[in-house]
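Following: one structure in structure tokens, then a few remarks.
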DNA sequence: ACGAGTGATGTCACCTGGTGCCATTACACT
DNA sequence: AGTGTAATGGCACCAGGTGACATCACTCGT
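Chains as they are written, first to last, in the numbering used here: chain A, 520 to 698; chain B, 520 to 698.
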């Protein structure tokens, strides 16, 4: 079903594709589609809970950083994301293009990102980071991930995600330290 | 029409309110509603372009900061946001509760925030900030704004938004400087 | 004062996403 | 064979959203 959706969204565009068509392509029915996915959008976001879990786990298990250094933990989470992204590199670009092409899909992606930030903030609090700092660090981590992701999918040199993300995080630290 | 929508969303909940009901309350028709607003959601986000313009303008007109200090410009944008928020303080909380209560509405809010980040990044680039730094700083500014906003609407002491936002931004700088 | 143009609104038909309800099928277990 | 259960299909229905056309009011030039 996911394959059918990805193919059709790619061929004819997201809005022009109907749920009935996806289901038919998969040999099933509209009604069945909605038993698996709550939404026409959700079919593109299947792995997102897994990514969230991995990044949270990375924060939970990272070696204890110097006190107050929330961003070191964020770095660990970004490394986990890097590992996950590299495994699906070939699907990342087409999926990204589809999502970028539709407002509805971008909205859904953003709420997934917000959910990720909330989950990471919780993990940070569990590691003795204060509420505000945890929220800020988590949102910052998500921002870095997005900026890095956009570089990564468009990069002809295929630079590893981990490197791009680390550079971006370092650049943010520099910027915060300056002025 | 906006008043009718806000009232009905507040009384019966967003999902339980129908566009036809809103229109009827305003003495108009469903069809007319959709001539003013592209969406059932959009009716709650009317001032958002204005806020975006004000924050962008603040970045454009802020005094030149020390080289590379993108976050100083973000601070100016947050001050502009503070002025705008204080003017609508009384509507902020109920509107916030409605948005928080519905996934659809949170999605819409997030994409408005993303649009704001994109616009601010453009303004930063126009002030000689590099691409990556501009994107990071803009996203960071939006994150700070959100974190500060949540404190602000729930704060019984009615601390000014400007102060909360400045504190949050300072805390972020500390965090980035540490570890 | 009259008719033409223009903008806002209403009416209607229609499509699609999404859901509740019940029937059907297939399969496992006894 | 019989019974329970999970997956699917079928159908009716609601609401968001859109296109096409009709109305109505109001302005303006003559």
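From the three backbone atoms N, C-alpha and C, an ideal C-beta is built for every residue, glycine too.
Backbone secondary structure at residue i - three-state DSSP
i	result
residue 648(B)	coil
residue 677(A)	coil
residue 565(A)	coil
residue 607(A)	coil
residue 559(A)	coil
residue 528(A)	helix
residue 535(A)	coil
residue 583(A)	coil
residue 520(B)	coil
residue 588(A)	coil
residue 697(A)	coil
Identity of the residue in the options nearest residue i by Cα
i	options	result
residue 686(B)	539(A), 652(A), 681(A) and 671(A)	652(A)
residue 669(A)	660(B), 598(B) and 650(B)	650(B)
residue 603(A)	675(A), 664(A), 695(A) and 520(A)	664(A)
residue 644(A)	656(A), 684(A) and 564(A)	656(A)
residue 613(A)	557(A), 593(A), 692(A) and 671(A)	671(A)
residue 594(B)	520(B), 629(B), 617(B) and 577(B)	577(B)
residue 582(A)	636(A), 674(A), 659(A) and 646(A)	646(A)
residue 621(B)	529(B), 533(B), 525(B) and 520(B)	533(B)
residue 627(A)	526(A), 565(A), 600(A) and 638(A)	565(A)
residue 658(B)	555(B), 525(B), 541(B) and 597(B)	597(B)
residue 600(A)	555(A), 639(A) and 556(A)	639(A)
residue 543(A)	529(A), 563(A) and 522(A)	522(A)
residue 637(A)	679(A), 568(A), 684(A) and 530(A)	568(A)
Closer than 8 Å to chain A by CB, residue i
i	result
residue 621(B)	no
residue 538(B)	no
residue 617(B)	no
residue 692(B)	yes
Under 8 Å by beta carbon: chain A residues contacting residue i
i	result
residue 633(B)	625 and 629
Contacts of residue i in chain A (Cβ-Cβ under 9 Å)
i	result
residue 666(B)	651, 654, 655 and 658
Per-residue contacts from residue i into chain B (C-beta, under 9 Å)
i	result
residue 663(A)	655 and 658
Chain-ordered chain A contacts of residue i [CB-CB under 7 Å]
i	result
residue 524(B)	Chain A residues near residue 524(B): none, gap ~19 Å exceeds 7 Å.
Beta carbon proximity, residue i to chain B, threshold 8 Å
i	result
residue 611(A)	no
residue 576(A)	no
Within 7 Å of chain B by C-beta, residues of the region 578 to 604 of chain A in sequence order: 584, 585, 587, 588, 589, 590 and 591
Chain-ordered residues of the region 675 to 690 of chain A with a beta carbon less than 7 Å from chain B: 687 and 690
Short-range partners of chain A found in the region 635 to 661 of chain B, where Cβ spacing is below 7 Å: 651, 652, 654, 655, 656, 658 and 659
Against chain A: residues of the region 543 to 565 of chain B by CB proximity under 9 Å: So nothing in the stretch comes that close.
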